[in-house]
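Student: Below are the structure tokens for one structure; questions will follow.
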Amino acid sequence: MRFVPTPRFSRSAAFRFALVYALLFSLSVVLLFGGFYWSTAALIERQVADTVAAELRSLADRYRDEGIGGLHLAVQQRSAPSADPENVYLLTDRHLRPITGNLRSWPDGVVPDGSWWQLHLYRRAQEEGPILVGARAFQLSDGSRLLVGRDMQARRQFQNQLLQNLVVSLILTLAIGVVGGILLSRRLLRRVDDVTETSRRIMDGDLTQRVPKGRSNDEFDRLAESLNRMLDRIEALMSGMRLVTDSLAHDLRSPLTRLKGRVELTLLGPEDLEAYRQTLEQALGEIDIIQTTFNDLLAIAEAESGASRTRLEPLALDEIVADVAELYGPVLEDAGMQLVVSPLEPVTILGHRQLLAQALANVLDNAVNYAGEGGRVDVCLKRLGEQAELSVRDYGPGVPEEAREKVLERFVRLDAARSQPGSGLGLSLVAAVARLHNAGLELEGAEPGLRLRWRFRVSAGPVAPERQELEFSGGGPTSQMAGMPNTGSGT
Amino acid sequence: MRVLVVEDDERTAGYMVKGLTESGHVVDRAADGHQGLFLATENDYDAIVLDRMLPKLDGLSLLQALRASKVATPVLILSALAQVDDRVEGLRAGGDDYLTKPFAFSELLARLEVLVRRSNAPAVETKLTVGDLEMDLLARRVTRAGEVIELQPREFRLLEYLMRHPGQTVTRTMLLEAVWDYHFDPQTNVIDVHISRLRQKIDKGFDKPLLHTVRGAGYALRADP
């Protein structure tokens with residue numbers, strides 16, 4: 428599954444990375460060797476200079492003690508072929524004519540003032556080319572001159588050795604750098620290729636593809652994870668869109684068909700004003716149903732698009748619950764039911780006031796429609812640390828366990844409910860609003876009845892100023908709604 | 009009253025013009041934004057019905073231009089955009105009310121009448137009276153024929169809204185919006201239940217009912233039957 432046709436290796440990012448790194452390594456090797464060379468070469472030269480200075484001092488002593496003859500003898504001895512060939516000596520008379528020593532002639536331009544010179548000199552005995560010599564020269568009191576030097580061959584050898592090492596190291600570094608760099612960046616970039624390949628397949632239409640994820644939780648894994656989450660979201664949105672269109676078709680077609688049929692039938696029938704009026708009234712009813720379904724679907728789409736998420740604002744959830752409970756309390760009582768609101772704990776969440784209220788209203792609508800006469804509904808809002816739990820429980824027939832997931836989907840109505848009014852969208856809106864708020868939603872059996880439970884994340888932000896005219900509060904132990912006497916059954 | 013309808017769809021406009029004329033109003037119609045802006049600034053209307061999506065100049069821009077040139081005529085925005093945020097946007101642009109398509113004509117008419125009456129009403133009132141029903145807004149006290157009526161806070165707000173629009177038809181959605189600030193359609197007729205409770209409190213035991221049901225439209229509070 429993995430082979431991605433890379434255009435040309437020399438154009439890939441892996442190659443460029445490897446090359447740049449190999450060059451950087453090589454540069455650092457050269458710098459390292461250079462620094463080492465300069466400091467070592469300076470040290471060697473200083474040592475040679477010191478040796479030469481000591482030699483000169485001993486020859487000067489000899490001259491002082493034994494005169495020019497002694498010096499002559501000493502130089503002769505020391506420059507003899509049997510002596511150390513590294514040393515270089517030359518003694519000349521005042522006219523620069525060599526007296527003794529192993530150099531051919533006094534080098535041009537050398538001033539006999541005891542300073543340090545580096546010279547290319549020719550040995551007297553040998554036929555070879557000039558050798559590099561570090562030397563000091565003096566003028567004696569009688570005008571003759573003395574030059575003492577030392578072959579710098581050692582330094583050159585060191586230089587050569589170092590150069591050789593440098594070349595070898597450079598080759599090794601380049602090789603290791605390039606090969607290692609290629610291997611390493613290939614390994615890394617293969618994972619980028621994975622992403623490319625996945626996105627290519629997604630572009631080809633397979634939205635179920637996901638970027639493979641490793642186990643190390645490194646940058647690539649995190650990238651893969653967030654890409655996959657993005658893809659999940661896109662897929663959810665896409666299927667949401669598809670569901671909206673499917674649902675529109677599904678749920679609008681039947682009332683439209685009914686509407687069309689009824690109008691056509693009336694037009695075919697006799698010209699009867701009363702029949703016309705009746706048909707028009709029925710048509711208006713059908714249109715209302717269509718409009719309700721349409722609005723519900725749009726509200727679900729709004730909640731699910733996540734576009735509203737940017738508009739979430741800090742809200743007092745307890746106030747919304749109290750508000751909706753107050754709105755529905757009398758409705759439930761008229762249906763012969765009872766709405767019992769436990770004391771609501773103050774909770775601030777990031778939320779969408781209209782959609783939250785609509786979702787809660789849908790749940791209470793459902794309770795009125797399905798939980799039946801004589802029942803009751805408990806509403807409870809509790810704060811559990813960083814979470815707030817809102818639960819609504821009815822005492823109706825409940826929903827069988829295997830169907831609980833399903834009723835949150837669109838248009839699902841259990842068989843028992845088909846005779847009741849409603850679009851079947853109520854709980855899907857509840858589920859969509861829960862998703863919009865990142866709130867967990869659970870349906871559980873309550874024996875008897877059904878309990879819906881949202882878990883909201885509590886927000887610390889300040890509550891936007893709500894309208895304060897309403898002093899309704901859910902305070903007091905288990906207050907009855909709307910201050911109506913607790914008769915248990917209404918009209 | 010004199011109404012300007014700015015709507016590009018011929019049929020929708022025709023149906024609004026016909027309905028408004030039959031209800032006894034004088035109606036002008038503009039088919040695009042430019043004409044609408046021209047008519048709205050040249051003439052003195054009591055209310056403007058403004059579609060959001062118009063050719064040449066869109067509804068919100070028209071509205072902003074209108075408000076910028078200090079025309080304070082109440083504007084009811086008509087829109088196919090139903091989301092809460094669209095609504096907020098419309099009201100922020102200077103609209104006085106917002107109605108989503110498709111709408112019932114009775115809803116449009118009721119809202120227009122309330123808009124016009126509101127713009128003529130005195131700014132501060134401390135006492136509202138309909139027939140023998142009196143509401144003291146400062147003491148938050150309601151009496152009918154001198155008899156004190158106890159109301160829940162929300163019932164008080166509901167009655168206050170009705171009393172601020174005496175004799176006018178107010179629809180269920182208008183009440184849900186004005187009293188509860190909710191903009192959705194509940195499946196159950198919650199408003200009917202609240203109205204019937206309020207009716208129990210203010211009309212029960214009195215000969216002449218004040219709170220009337222307007223068939224197919226909503227409710228109206230008035231002294232004469």
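Protein chains in written order, with this note's numbering: chain W, 428 to 918; chain F, 9 to 233.
Even for Gly, the Cβ is constructed at its ideal location relative to N, Cα and C.
(1) Rounded C-beta distance between leucine 791 of chain W and tyrosine 755 of chain W? I'm assuming under 8 angstroms.
(2) For valine 538 of chain W, which of W:Leu559, W:Tyr549, W:Thr519, W:Arg563 has the nearest alpha-carbon?
(3) If you measure beta-carbon to beta-carbon, which residues of the segment 746–759 of chain W are closer than 8 angstroms to chain B?
(4) How about histidine 42 of chain F: is its C-beta nearer than 8 angstroms to some C-beta of chain W?
(5) Apart from the five residues on each side of it in sequence, which residues of its chain come closer than 7 angstroms, Cβ to Cβ, to alanine 501 of chain W?
(6) Since proline 525 of chain W is in the beta strand (DSSP E), which residue starts that stretch and which ends it?
(7) Would you list the residues sitting across from glycine 867 of chain W in a DSSP beta bridge?
(8) Is it buried or exposed, threonine 623 of chain W, if we count other Cβ atoms within 10 angstroms and call 16 or more buried?
(9) Any beta carbon of chain F sitting closer than 8 angstroms to that of methionine 665 of chain W?
(10) Just to check my reading of the structure: leucine 777 of chain W and glutamate 731 of chain W have Cβ atoms closer than 8 angstroms, yes? What is that Cβ distance to the nearest angstrom?
(11) So is valine 819 of chain W in contact with chain F if we call contact Cβ pairs under 8 angstroms?
(12) Write down every uninterrupted run of the alpha helix (DSSP H) in the segment 149–218 of chain F whose length is 4 residues or greater and which is fully enclosed by it, in chain order.
(13) Tell me, please, which residues DSSP counts as bridged to arginine 810 of chain W.
(14) Please report the straight-line C-alpha distance between arginine 230 of chain F and aspartate 215 of chain F, rounded to a whole angstrom.
(15) From this set, F:Glu15, F:Gly27, F:Asp54, F:Gly32, which residue's C-alpha is nearest glutamine 43 of chain F's C-alpha?
(16) Would you report the Cα separation of valine 150 of chain F and arginine 126 of chain F, rounded to the nearest angstrom?
(17) Listing by chain order, which chain F residues have their CB less than 8 angstroms from the CB of alanine 449 of chain W?
(18) In chain order, what are the residue ranges of uninterrupted alpha helix (DSSP H) at least 4 long that sit wholly in the segment 711–797 of chain W?
(19) Does DSSP put proline 848 of chain W in a helix, a strand or coil?
(20) Looking at chain W, is there any beta carbon in it that lies within less than 8 angstroms of the beta carbon of valine 201 of chain F?
(21) Go to lysine 4 of chain F, then tell me how far its beta strand (DSSP E) extends in each direction, as first and last residue.
(22) Given a threshold of 16 other Cβ atoms within 10 Å of its Cβ, counted over all protein chains shown, does aspartate 540 of chain W qualify as buried or as exposed?
(23) For methionine 143 of chain F, which three-state DSSP category applies?
(24) Taking a Cβ distance cut-off of 7 angstroms, strictly less, list which residues of the segment 169–194 of chain F are near chain W, in chain order.
(25) On a Cα-Cα basis, can you pick out the residue from W:Leu675, W:Ile717, W:Leu446, W:Leu658 that is closest to arginine 685 of chain W?
(26) Based on the DSSP output, what are the partners of tyrosine 227 of chain F in its beta bridges?
(27) Taking 8 angstroms as the CB-CB cut-off, is valine 795 of chain W touching chain F?
(28) Return the bridge partner residues of leucine 517 of chain W from the DSSP annotation.
(29) Apart from the five residues on each side of it in sequence, which residues of its chain come closer than 7 angstroms, Cβ to Cβ, to alanine 73 of chain F?
Tutor: So, from the data block:
(1) 4 angstroms
(2) W:Arg563
(3) You won't find chain B in this structure, because its protein chains are W and F.
(4) no
(5) Leu486, Arg489
(6) 525–528
(7) W:Arg882
(8) exposed
(9) no
(10) Between glutamate 731 of chain W and leucine 777 of chain W the Cβ distance is about 17 angstroms, and since that is not below 8 angstroms, they are no contact.
(11) no
(12) 161–172, 180–183, 198–211
(13) W:Ala815
(14) 14 angstroms
(15) F:Glu15
(16) 22 angstroms
(17) The premise fails here: alanine 449 of chain W is roughly 57 angstroms from chain F at the closest Cβ pair, so nothing lies under 8 angstroms.
(18) 744–761, 780–793
(19) Per-residue confidence for proline 848 of chain W stands at a pLDDT of 48, beneath the threshold of 50, marking its modelled position as unreliable; no derived number is given.
(20) yes
(21) Any answer about residue 4 of chain F is impossible in this case: the structure gives chain F only from 9 up to 233.
(22) exposed
(23) strand
(24) Trp188, Asp189, Tyr190, His191, Phe192, Asp193, Pro194
(25) W:Ile717
(26) F:Val178, F:Thr221
(27) yes
(28) W:Gly528, W:Leu574
(29) Leu45
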